[in-house]
Amino acid sequence: MEEEQSVFDFEDLRNLLSKGERIDGRQLDECRQVLVNRDSIANGTVLVKIGETAVICGLKTITRESEETQDLIEFSVEFDNLSPKKSELRTDLQDSQRVTQLLKAIVSTTNLFDSQLLNASTGNFRWMLSAEIIALNNDGNLFDASLLAFLCALHDIRIPVVEFTEETSKIKYLDEFRQLKLLGIPVSTSFALFGDNHLLIDPNADEELASSGFLSIIFDVMSQKIVSIEKRGGFSLDFNEMNKCIATAKKKAIEMKKLILNEN
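Counting with the UniProt record's numbering, you get residues 1 to 264 for the letters of the sequence shown.
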């Protein structure tokens with residue numbers, strides 16, 4: 001079977017960009033619609049769609065011995081079961097292992113929540129969180145969608161309140177739950193780079209396939225600080241261009257905060 005190719009070649013895209021147009025009709029600085037579907041039954045399960053890109057994140061609690069040294073959150077990222085459209089497209093931010101590394105780095109450098117809330121009130125154990133992120137469809141910008149889905153699930157997850165009986169070494173689940181109030185909300189805003197001077201926010205799969213590089217800015221809305229800047233390939237950005245991208249990322253992060261916190 002022949003590999004699927006983009007319906008636009010580089011010359012087509014360059015001609016569109018020269019007229020300030022994009023493949024899907026958006027403006028150069030226009031993002032696709034973002035939809036968040038929260039599961040009212042499955043605690044901590046969220047589906048995020050950015051255009052036709054779809055990612056689901058399921059977050060669950062796991063008990064661990066208090067003395068055990070481990071991360072507060074473990075990640076499982078699966079991008080290999082994509083629908084046929086652009087399934088051959090691979091950048092480092094569409095590689096499961098690389099995205100897992102970035103998510104772990106973001107968690108380790110951002111004060112996401114009060115970790116004491118994961119401690120059980122009694123007994124020699126604590127909770128940890130397990131996040132499973134699965135890409136259902138890839139039409140570009142998988143990393144931004146994955147991080148957004150994780151943050152929404154983290155906001156929604158409820159931590160069970162339990163009692164521990166030392167005599168029987170058994171855990172009794174009470175009909176109570178705690179919410180992890182988010183202290184940090186690191187949102188990623190990604191751009192595709194073309195030629196010598198074109199930056200497209202929220203690239204779709206065709207644009208990613210034709211691009212020469214990528215830029216992702218992770219901005220924490222709560223601390224108002226940049227968590228990370230990831231740049232791969234493409235042209236060099238001067239001071240003014242980078243500041244413009246940062247300002248755009250800050251604005252986008254503020255908008256996404258409302259979706260993450262489920263604010264109407």
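C-beta atoms are modelled at their ideal positions from N, C-alpha and C, and glycine is treated no differently. All of these numbers come straight from a predicted model, not from anything done at the bench.
- Put simply, the backbone Cα of L118 is about 19 Å away from that of I106.
- Between the alpha carbons of S236 and A247 lies a gap of roughly 18 Å.
- The three-state secondary structure of N43, taken from DSSP, is coil.
- Assigned with DSSP and collapsed to three states, C31 falls in coil, not helix or strand.
- The straight-line gap separating the alpha-carbon atoms of E230 and V36 is approximately 25 Å.
- Residue range 225-233 is occupied by the beta strand (DSSP E) that includes V227.
- Taking 8 Å as the cut-off, the Cβ atoms of F214 and I133 do not count as close.
- Rounded to whole angstroms, the gap between the alpha carbons of R98 and V161 is 34 Å.
- Nearest Cα to F219 within the set D144, L129, R126, W127: D144.
- Residue nearest to L180 within the set M128, V34, R32, E255 is M128 (criterion: CA-CA distance).
- By the neighbour-count criterion, in which 16 or more other beta carbons inside 10 Å mark a residue as buried, I62 falls on the exposed side.
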